[in-house]
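Chains as they are written, first to last, in the UniProt record's numbering: chain D, 1 to 400; chain B, 1 to 400.
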DNA sequence: TTGAAAGCGCTAACAT
DNA sequence: ATGTTAGCGCTTTCAA
């Protein structure tokens, strides 16, 4: 094995050294180390190139070659403020001047400088996103999509930063955000949980997929895990199952707690008994260091003389492991055993055979709503407090 | 079915309406719509609170309550510039004054205003990340992690934006970046491909996971797919397989092209025949609208009288489908059939039973290197052009 | 409808 | 080692 690895390393190194050129022969891209000239050409700022002659000498070589509002003003022969008015769509500009200014903006390639604007207005037009690991976690990237879609319609930009779980990183990030005079912050977590802040945020903040442990009333948007759990259980019951197993998440996280409660309530609502030996955790270990053990747990449960006919699961990964467990015991899904997932993590739920019936976490909507609420707060809406729960629709596929 | 859905909707609505309070009884978070007072308290800017009496009347109520460099200067009794020097770690400040200023900065809670700094220096301290869908695609989020890690060590921030494939979105993003006077841009794609720019970027740009079709010499960092493909084929050969199948990606994408070439070359290097009927695409449809069909393709191949003993695959999703295909035919992996993945998308590769031997795409490293090179360019290093390929290490697990 | 003046917070370029 | 002056690009305020 060690020998093999050594060999591979050598092979790899050899290929690395030469594969670039090979790659290029395939792709017809020339591999040349760009010389200074072409690099410079490549990066030269294009605006300012027109810079025509109507202005006095003073306007000559501005740093960074950036066209300023003054350049435009001089070009048209109006005041700075008039250009500013046009750029910001303010009233009180005659149609004629407006057209003239707009033409000049286009030909000169003027782009407003948000930094300068910030200095005057104290509004940066940027919203910050802090995530524990959300931006690097497949399940929840939809949150970011939702946020981005909403934020960009409000002509704001998104500055994102990752704590990667490190508290000192979080401090640094808040600091950076203050430096950039971020207008507002969205604080998102990878999974639904409670968070604690070292100090209460000094910037308007909306929590995404989490709630604040110490700050009741802090605006936050979370999935309705209770409802999702209830709907999943109902599905199993409605399909006629009475022997219902449940391979859960780490029972300590909020989502598991709420869904577990929902499971019990749903079962009770139909007078079906909850069998403790059929409710088992699919993960080992504490929060943040979970180890998947659903395969073994499921096999164990399914090999008993009296076994469940359907398995509810904590998430789609657990469901997938149950699927493999069923296969390994020669059971057919859903005929011999039904399986219901959670999350609708499509890379798994839609691609597994058979595809999973699963409860979808409304991550995209959560992102949109959270951004919505933050924007409302920034616009001065003062009533936007409290926890908001979004429903988790069930997605029916073949597994149960 | 329609009835069921209707029922579920009603149930869901009912639960949504009431589950919030239920959720709270579990989580001990009060659900109160925060009143104006507490909201204001929550969001009041904390800095500026100390604002002690040594300054003249003029310093009274500044907008946004932000402490400026002038406040600090007045507090200590030095000039603005001296504070500026301390804040920027410039030389020529006596240890004594420096200590004094630092103390004042701390007590007043001064945070530099990057916008104002930008106006003078024309450097925003922000790097922009444009991605087609990378930030929302599981496989490649590691690219972002790498970029962030590298960028944050350089005390730069990251502004990210998603084109979601829409070309007009891309235009808007470049515009936004210009407005914020972004220092440099990282342009990342979800999968290794060639990109075309409407107009050549006006900001220093490094391509990530892609190469420019029209701009040779544009700096870019990509995985060495050829080498990865070669290593995968070698693994199969070294395990003694001679009947080697290959369920590929959409053959039109660069990665598939390069790996296919590598496969052929590797087979040739050992004098093993490539069987065309065993090389088949696991996806249907054009670029961007691929439909997974690996399950059917694999079953087809495996049911033939003469069948491969190992399946190389285009990615781990394809590998997973091959796994299901094998199971469905009662084959054991890896005994009856070995499977080798690609990408090392851990959510699948590590959690499937048996876990996948697979070739890892070095996304994290790609991110780091790309950021590296951009920072070098920004620092004035003019030699940083051309395509850079990073090796793809093989990860040995149980499947082959 | 338009413009002039002032100044936001900061730093470059000089004094001292 | 420290301060002064000026001005970055923009908007606010007020006057015309």
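From the three backbone atoms N, C-alpha and C, an ideal C-beta is built for every residue, glycine too.
Please name the residue, chosen from the options, that lies closest to residue i on a Cα-to-Cα basis.
i	options	result
residue 315 of chain B	B/283, B/181, B/124	B/283
residue 203 of chain D	D/81, D/71, D/128	D/128
residue 288 of chain B	B/112, B/132, B/122, B/124	B/132
residue 221 of chain D	D/173, D/370, D/161	D/370
residue 253 of chain D	D/225, D/141, D/144	D/225
residue 144 of chain D	D/172, D/189, D/114	D/189
residue 383 of chain D	D/354, D/374, D/389	D/374
residue 419 of chain B	B/198, B/193, B/72, B/113	The first residue shown for chain B is 1 and the last is 400, placing residue 419 of chain B beyond what the model contains.
residue 147 of chain B	B/114, B/122, B/186	B/186
residue 120 of chain B	D/124, D/115, D/122, D/192	D/115
residue 158 of chain B	B/170, B/166, B/180	B/180
residue 391 of chain B	B/356, B/376, B/354, B/343	B/343
residue 193 of chain B	B/396, B/394, B/395, B/387	B/387
residue 355 of chain B	B/397, B/277, B/278, B/329	B/397
residue 240 of chain B	B/400, B/154, B/66	B/400
residue 152 of chain D	D/372, D/243, D/385	D/372
residue 122 of chain B	D/68, D/236, D/184, D/331	D/68
residue 105 of chain D	D/91, D/66, D/167	D/66
residue 335 of chain B	B/308, B/81, B/299	B/308
For residue i, which of helix, strand or coil comes out of DSSP?
i	result
residue 119 of chain D	helix
residue 49 of chain B	A caution first: residue 49 of chain B carries a pLDDT of 23, below 50, which makes its placement in the model unreliable, though a value can still be read off. Correct three-state label for residue 49 of chain B: coil.
residue 67 of chain B	coil
residue 307 of chain D	coil
residue 27 of chain B	Legend: pLDDT at residue 27 of chain B = 20, less than 50; position of this residue unreliable, no value from coordinates given.
residue 245 of chain D	strand
residue 32 of chain B	Any reading at residue 32 of chain B needs caution, since the residue's pLDDT is 18, under 50, leaving its predicted position unreliable; the model's value is listed next. Coil at residue 32 of chain B, not helix or strand.
residue 291 of chain D	strand
residue 319 of chain D	helix
residue 100 of chain B	helix
residue 93 of chain D	coil
residue 403 of chain B	With chain B running from 1 to 400 in the structure shown, residue 403 of chain B is simply not present.
residue 258 of chain B	helix
residue 329 of chain B	coil
residue 62 of chain B	In this predicted model, residue 62 of chain B has a pLDDT of only 31, less than 50, meaning its place in the structure is not dependable; the value taken from the coordinates is given anyway. It is coil, neither helix nor strand.
residue 297 of chain B	helix
residue 112 of chain B	coil
residue 383 of chain B	coil
Who are residue i's beta bridge partners in DSSP?
i	result
residue 130 of chain B	B/161, B/187
residue 389 of chain D	D/222
residue 341 of chain D	D/358
residue 211 of chain B	B/194
residue 283 of chain B	B/292
residue 312 of chain B	B/246, B/340
residue 205 of chain B	B/185
residue 395 of chain D	D/358
If you measure between the beta carbons of residue i and residue j, is that distance less than 8 Å?
i	j	result
residue 320 of chain B	residue 346 of chain D	no
residue 78 of chain D	residue 102 of chain D	no
residue 245 of chain D	residue 292 of chain D	no
residue 361 of chain B	residue 339 of chain B	no
residue 265 of chain B	residue 295 of chain B	no
residue 263 of chain B	residue 233 of chain B	yes
residue 161 of chain D	residue 173 of chain D	yes
residue 326 of chain B	residue 318 of chain B	no
residue 206 of chain D	residue 219 of chain D	yes
residue 395 of chain B	residue 358 of chain B	yes
residue 208 of chain D	residue 385 of chain D	no
#### Entry: Contacting positions in the stretch 96-120 of chain B - beta carbon closer than 7 Å to chain D
111, 112, 113, 114, 115, 116, 118, 119
### Message
So if I threshold CB-CB distances at 8 Å, which residues from the stretch 279-304 of chain B count as touching chain D?
### Response
292, 295
### Message
Counting only Cβ-Cβ distances shorter than 8 Å, please list the residues of the stretch 148-161 of chain B near chain D, keeping chain order.
### Response
148, 152, 157, 158, 159, 160, 161
### Positions along the stretch 174-197 of chain D whose CB lies within less than 8 Å of some CB in chain B
175, 176, 178, 179, 180, 181, 194
### Query
Listed in chain order, which residues of the stretch 242-257 of chain D have Cβ atoms closer than 9 Å to some Cβ of chain B?
254, 257
### Message
For the stretch 312-324 of chain B, list every residue whose C-beta sits within 9 Å of some C-beta in chain D, in sequence order.
### Response
317, 320, 321, 323, 324
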